[in-house]
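*Asks:* Protein chains in written order, with my numbering: chain C, 1 to 221; chain D, 1001 to 1221.
2 protein chains.
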Amino acid sequence: MTSAYQLYFSPGACSRVSIAALEWVGADYALHPILLAQNEQRQPAYLALNPKQQVPLLVTAQGALSETLAIAQYLHQNYPQAALLPAGSPYDTALATSWLAWCSATLHPLIFRVRRADRIHSEAAQHDVIRQVALADLSHQLELVERTLSDGRQWLCAAGCSLADLFVLWCVQRAVQGGCEIDQWPALSEWQARAQAHSAWTRMLQREAQAVAAREAGVLL
Amino acid sequence: MTSAYQLYFSPGACSRVSIAALEWVGADYALHPILLAQNEQRQPAYLALNPKQQVPLLVTAQGALSETLAIAQYLHQNYPQAALLPAGSPYDTALATSWLAWCSATLHPLIFRVRRADRIHSEAAQHDVIRQVALADLSHQLELVERTLSDGRQWLCAAGCSLADLFVLWCVQRAVQGGCEIDQWPALSEWQARAQAHSAWTRMLQREAQAVAAREAGVLL
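Following this line, the structure appears as structure tokens:
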């Protein structure tokens, strides 16, 4: 392992935001797939690294770091020139952190209820109600994106594009996959197209696909 | 409004962590009760400030800030001498942020499922199953606190006491109120007693009680 950082991820999961952050700052890192769909987060070797049974996990020279927000803050502090978060004032930085925290604390748990109702209630007959209640809440929350963008700004933070846009993008994509409708929001749709074209996002998709293909071919990247 | 900061809170809610942070750094602030139990977060005047319908909300000279993590980061940056988070290295700070993010993204949503099953599923007959599933997950997650403390450390971050201890404390207290058992964890119990005795925590309880009493007496603090 000669890379400076090791990132444990699952394809398509919220670890995409951490991969995009590593691409954004230009860090030297290696990717390690932990397939949630195959319950690999419960393998003893991974549990020893991250007892939370979650991705992402960033292993640094100082130790391991879980949670997207902690990884974002760590990279922001270590690569101040990369402008991963706005740094004009503590308020500007905190505003971007507020968007990231909203993704982690509100949107992601709602997405979990939509996609993994089986982890909320043991009876399959109850899952559809749980999904519908969560979808309604998710739609109500996502309206905040449209409202924020309706003043004509290009990115969620007036200070400019930041990792907040990419974490909200991941949440929007997952919400749509789960059945959330967003066509009624024109500003959100235009912003989504801009965010999806961000070079850190497109490079993330390439790196993630390469790492999955390499694993399938039995090669460690 | 002559105080530097205005904090909107609900008694007992996770806004306690932000009040404790304001006490910790010695900020000049006023408290404004928004009683979630009376759905006051949906009043138009508050919705105009915070369309997320949540507390806490910190209003600063630059603008409003929601999300505990954003408020914590903002105060940490504006009061660097207060050591709200460890600042020895970016990794130390990020490790404390990782604990805070775990509270917001994992523990708090589980506590919500335990306490507000009515917001997860419309039928009361299903609420107990939802609560029990969430309680089992919560207990499994909280074991991480015991495991972390079992090396003899006094606080969650080896670098020392931080706001992370107080946010985890709030989660532990709420989990216990919801029926989570923690008596099997001796290190957690000793840590809980230490954290509850922290002066920022005890002063927070006083300020919160004063603000509630003042509101009941019809006085604005």
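A virtual CB, placed ideally from N, CA and C, is assigned to each residue, including glycine.
Being a predicted model, the structure only gives us computed values, none of them experimental.
Taking Cβ positions, are Leu-22 (chain C) and Leu-69 (chain C) nearer each other than 8 Å?
*Replies:* As a first step, residue 22 (chain C) is located in the first sequence; it is residue number 22 there, counting from the start. As a first step, residue 69 (chain C) is located in the first sequence; it is residue number 69 there, counting from the start. For Leu-22 (chain C) and Leu-69 (chain C), no; Cβs fall outside 8 Å.
*Asks:* Excluding five sequence neighbours on each side, which residues of the same chain lie with their C-beta closer than 7 Å to the C-beta of Leu-95 (chain C)?
*Replies:* Here residue 95 (chain C) refers to the residue found at position 95 when the first sequence is read from its first residue. Cys-157.
*Asks:* State the start and end residues of the unbroken alpha helix (DSSP H) segment that holds Leu-69 (chain C).
*Replies:* Along the first sequence, read from residue 1 onward, the residue named residue 69 (chain C) stands at position 69. It spans 68-78 - the alpha helix (DSSP H) in which Leu-69 (chain C) sits, taken as one unbroken run.
*Asks:* Using Cβ-Cβ distances below 8 Å, what residues of the stretch 67-82 of chain C are close to chain D?
*Replies:* Within the stretch 67-82 of chain C, the residues whose Cβ lies closer than 8 Å to some Cβ of chain D are Glu-67, Thr-68, Leu-69, Ala-70, Ile-71, Gln-73, Tyr-74, Gln-77 and Asn-78, listed in chain order.
*Asks:* Going by C-alpha to C-alpha distance, which of D:Arg-1153, D:Gln-1062, D:Arg-1042 and D:Gln-1173 sits closest to Val-1055 (chain D)?
*Replies:* As a first step, residue 1055 (chain D) must be located in the second sequence, where it is residue number 55. Of D:Arg-1153, D:Gln-1062, D:Arg-1042 and D:Gln-1173, the residue nearest in Cα terms is D:Arg-1042.
*Asks:* Around the Cβ of Glu-208 (chain C), are there at least 16 other Cβ atoms within 10 angstroms (buried) or fewer (exposed)?
*Replies:* One-based indexing of the first sequence puts residue 208 (chain C) at position 208. Buried.
*Asks:* Which runs of the alpha helix (DSSP H) at least 4 residues long sit entirely within the stretch 1065-1143 of chain D? Give them in chain order.
*Replies:* 1068-1078, 1090-1102 and 1108-1115
*Asks:* With 8 Å as the threshold, decide whether the Cβ of Ala-48 (chain C) is near any Cβ in chain D.
*Replies:* Position 48 of the first sequence holds residue 48 (chain C). No - not a single Cβ of chain D is within 8 Å of the one on Ala-48 (chain C).
*Asks:* Going by CA-CA distance only, name the one from D:Ser-1010, D:Pro-1011 and D:Ser-1015 that's closest to Val-1168 (chain D).
*Replies:* As a first step, residue 1168 (chain D) is located in the second sequence; it is residue number 168 there, counting from the start. The candidate whose alpha carbon is nearest that of Val-1168 (chain D) is D:Ser-1015.
*Asks:* Tell me, to the nearest whole angstrom, how far the beta carbon of Ala-1105 (chain D) is from that of Ser-104 (chain C); I am working on the premise that it is less than 8 Å.
*Replies:* Stepping through the second sequence from its first residue, residue 1105 (chain D) is reached at position 105. Stepping through the first sequence from its first residue, residue 104 (chain C) is reached at position 104. Rounded, the Cβ-Cβ distance is 4 Å, consistent with contact.
*Asks:* Just checking my contact of Tyr-1005 (chain D) with Leu-1058 (chain D) at CB under 8 Å: how many whole Å lie between their CB atoms?
*Replies:* The residue labelled residue 1005 (chain D) in the question sits at position 5 within the second sequence. The residue labelled residue 1058 (chain D) in the question sits at position 58 within the second sequence. Confirmed, about 6 Å.
*Asks:* Would you report the Cα separation of Ser-3 (chain C) and Ala-64 (chain C), rounded to the nearest angstrom?
*Replies:* Along the first sequence, read from residue 1 onward, the residue named residue 3 (chain C) stands at position 3. Along the first sequence, read from residue 1 onward, the residue named residue 64 (chain C) stands at position 64. Looking at the two C-alpha atoms, the distance is approximately 14 Å.
*Asks:* For Leu-47 (chain C), count neighbouring Cβ atoms within 10 angstroms of its own Cβ and tell me buried if that reaches 16, exposed if not.
*Replies:* As a first step, residue 47 (chain C) is located in the first sequence; it is residue number 47 there, counting from the start. Of the other Cβ atoms in all chains shown, fewer than 16 fall within 10 Å of the Cβ of Leu-47 (chain C); this residue is therefore exposed.
*Asks:* What's the C-alpha gap between Leu-1075 (chain D) and Ala-124 (chain C)?
*Replies:* Residue 1075 (chain D) sits at position 75 when you count from the first residue of the second sequence. Residue 124 (chain C) sits at position 124 when you count from the first residue of the first sequence. One C-alpha to the other measures close to 45 Å.
*Asks:* For the candidate residues D:Leu-1007, D:Ala-1013, D:Trp-1024 and D:His-1032, whose alpha-carbon lies nearest to that of Ala-1214 (chain D)?
*Replies:* Your numbering for residue 1214 (chain D) matches position 214 in the second sequence. With distances taken between Cα atoms, Ala-1214 (chain D) lies closest to D:His-1032.
*Asks:* Using 8 Å as the threshold, is the stretch 107-119 of chain C in touch with the stretch 80-90 of chain C, meaning 3 or more CB pairs across them?
*Replies:* Short answer: they don't touch.
*Asks:* How long is the line joining the alpha carbons of Trp-155 (chain C) and Ile-130 (chain C), rounded to whole angstroms?
*Replies:* On the first sequence, residue 155 (chain C) is found 155 positions in, with the first residue counted as 1. On the first sequence, residue 130 (chain C) is found 130 positions in, with the first residue counted as 1. Taken atom to atom, the span from the alpha-carbon of Trp-155 (chain C) to that of Ile-130 (chain C) is near 32 Å.
*Asks:* I want to see whether chain C comes within less than 8 Å of Gly-1012 (chain D), judged by CB atoms only; does it?
*Replies:* Locating residue 1012 (chain D) in the second sequence gives position 12, counting from the first residue. So no, Gly-1012 (chain D) is outside the interface.
*Asks:* Are the C-beta atoms of His-1032 (chain D) and some chain C residue less than 8 Å apart?
*Replies:* Locating residue 1032 (chain D) in the second sequence gives position 32, where the first residue counts as 1. Not an interface residue.
*Asks:* Just verifying my parser: in three-state terms, what is the DSSP assignment at Gln-54 (chain C)?
*Replies:* Counting from 1 along the first sequence, the entry for residue 54 (chain C) is found at position 54. Correct three-state label for Gln-54 (chain C): coil.
*Asks:* Please confirm if Ala-1101 (chain D) has its CB atom under 8 Å from at least one CB of chain C.
*Replies:* Taking the second sequence and counting its residues from 1, one reaches residue 1101 (chain D) at position 101. For Ala-1101 (chain D), the answer is yes, since a Cβ of chain C falls inside 8 Å of its Cβ.
*Asks:* Quick check on Leu-166 (chain C): does DSSP put it in helix, strand or coil?
*Replies:* Walking along the first sequence from the start, residue 166 (chain C) turns up at place 166. In this structure, Leu-166 (chain C) counts as helix in the three-state DSSP scheme.
*Asks:* With a threshold of 6 Å on Cβ separation, who are the neighbours of Arg-1115 (chain D) within its own chain once the five nearest residues in sequence on each side are excluded?
*Replies:* Numbered from its first residue, the second sequence carries residue 1115 (chain D) at position 115. Contacts found: Gly-1178.
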